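Report on the following structure.
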Amino acid sequence: VQLQASGGGPVQAGGSLRLSCAASGSIDSINVMGWYRQAPGKQREFVANINSGGSTSYLGSVKGRFIISRDNGKNTVYLQMNSLKPEDTATYYCKYTLRGIYEYWGQGTQVTVSS
Numbered sequence: 001v002q003l004q005a006s007g008g009g010p011v012q013a014g015g016s017l018r019l020s021c022a023a024s025g026s027i028d029s030i031n032v033m034g035w036y037r038q039a040p041g042k043q044r045e046f047v048a049n050i051n052s053g054g055s056t057s058y059l060g061s062v063k064g065r066f067i068i069s070r071d072n073g074k075n076t077v078y079l080q081m082n083s084l085k086p087e088d089t090a091t092y093y094c095k096y097t098l099r100g101i102y103e104y105w106g107q108g109t110q111v112t113v114s115s
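Take the sequence shown: its position 63, counting from 1, is numbered 63 in the numbering used here, and each next residue is one higher.
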């Protein structure tokens, strides 16, 4: 499985960005797609995920601001990020989990929120 992430960039606090991650290769209908982030000097943390049935989970600090969605026909997951804060600055990585066993990571996309 290959993952191609895009959509990061610089944005001012209060602004919005939408990240996309397209999966290709040995795609399976039973999967979870999600986003993690890693800020400088910090460990990578879970941000949000969505399973193939559409159920979602979010990191507490992004609830109400970020929305994860997916297009199963395009094997793509999106992360709509609104009301961005400087503390959201990080490299964002998409992750594809196949049948709960195999994990694949995309290349990171940088999000920089200035105050």
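Every residue gets a Cβ at the ideal spot worked out from N, C-alpha and C, and that includes glycine.
Quick caveat: nothing in here was measured; it's all calculated off a predicted structure.
By a C-beta neighbour count over all protein chains shown, 10 Å radius and 16 as the cutoff for buried, is residue i buried or exposed?
i, result
"Asp-88", "buried"
"Gly-8", "buried"
"Ile-101", "exposed"
"Gly-54", "exposed"
"Gly-41", "exposed"
On the DSSP letters alone, give me the boundaries of the beta strand (DSSP E) that residue i sits inside.
i, result
"Ser-29", "Looking at the DSSP string, Ser-29 is not in any beta strand (DSSP E), and its letter there is neither H nor E."
"Ile-50", "45-51"
"Arg-18", "17-24"
"Ile-68", "66-71"
"Ser-57", "56-58"
"Ala-90", "90-98"
"Ala-5", "2-6"
"Leu-79", "76-81"
"Pro-86", "Careful: Pro-86 lies outside any beta strand (DSSP E) and carries neither H nor E."
So residue i and residue j are in contact, right, with Cβ under 8 Å, and what is the actual spacing, rounded?
i, j, result
"Ala-23", "Thr-109", "Going by Cβ atoms, the distance from Ala-23 to Thr-109 rounds to 15 Å, so no, they are not a contact pair."
"Ser-61", "Asn-31", "So it is not a contact: roughly 25 Å between Cβ atoms."
"Arg-99", "Met-81", "The pair is not a contact, with the Cβ atoms about 28 Å apart (cut-off 8 Å)."
Does the distance from the CB of residue i to the CB of residue j come in under 8 Å?
i, j, result
"Leu-17", "Val-11", "yes"
"Ile-50", "Arg-37", "no"
"Ser-20", "Thr-76", "yes"
"Gly-14", "Ser-83", "yes"
"Val-111", "Tyr-93", "no"
Taking the alpha carbon of residue i as the reference point, which residue from the options has its own alpha carbon closest?
i, options, result
"Gly-25", "Lys-74, Ser-57, Arg-65 and Ser-52", "Lys-74"
"Val-1", "Val-113, Tyr-96 and Ser-114", "Tyr-96"
"Phe-46", "Leu-79, Asn-72 and Ile-27", "Leu-79"
"Arg-44", "Ala-90, Ser-57 and Tyr-58", "Ala-90"
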